[in-house]
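In what follows, a structure is listed as structure tokens, so that the remarks can point back to it.
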Amino acid sequence: MKNLAGLMKQATQMQARMEEMQAKLESMTIEGSAGAGMVNVTLNGKGDMKAIRIDPKLADPEEMEMLQDLILAACADARTKLDATASEEMKKVTGGLNLPGGMKFPF
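Written out as structure tokens, the structure reads:
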């Protein structure tokens, strides 16, 4: 019974740390960029786009395809950074315990 009580206590502590980490991630912003900083995208910790900045030099109607590609690249860059940050935060909470393949935060 002692082991079960200890396990339950650890699970409760882990849940509290997970909730703290989730709140921390939600409050942070991550920026991705493309085209040597000509396009910047800001995501919140949930992955929602909060801002986009485009250098006015890219507003050429003949270059719209390139601009669209740069926006997609900046979004992908921001998402990659967000995933890496979330992974690092998860390692802090789990004490470095790696999650099984396919399990990502949030669950």
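Just so we're aligned, residue 276 is where the sequence shown starts under the working numbering, counting upward by one. Backbone N, C-alpha and C define an ideal beta-carbon position, used for all residues, glycine too. Bear in mind that the values here come from a model prediction, so they are computed numbers and not experimental data.
Residue j beta carbon less than 7 Å from that of residue i
i	j	result
methionine 313	aspartate 330	yes
arginine 317	alanine 309	The identity of residue 317 in the sequence shown is threonine, whereas the question assumes arginine. Result no, Cβ atoms of threonine 317 and alanine 309 do not sit closer than 7 Å.
alanine 349	glycine 307	yes
alanine 361	isoleucine 305	no
glycine 320	glutamate 295	no
methionine 293	valine 368	yes
For residue i, the residue or residues it bridges with in DSSP
i	result
arginine 328	Asn315
alanine 309	Val314
Coil, strand or helix - residue i by DSSP
i	result
glycine 370	coil
alanine 349	helix
Kindly provide the ranges of any beta strand (DSSP E) runs that are 3 or more residues long and lie completely inside the segment 282–306, ordered along the chain.
-> Listed in chain order, there is nothing to give.
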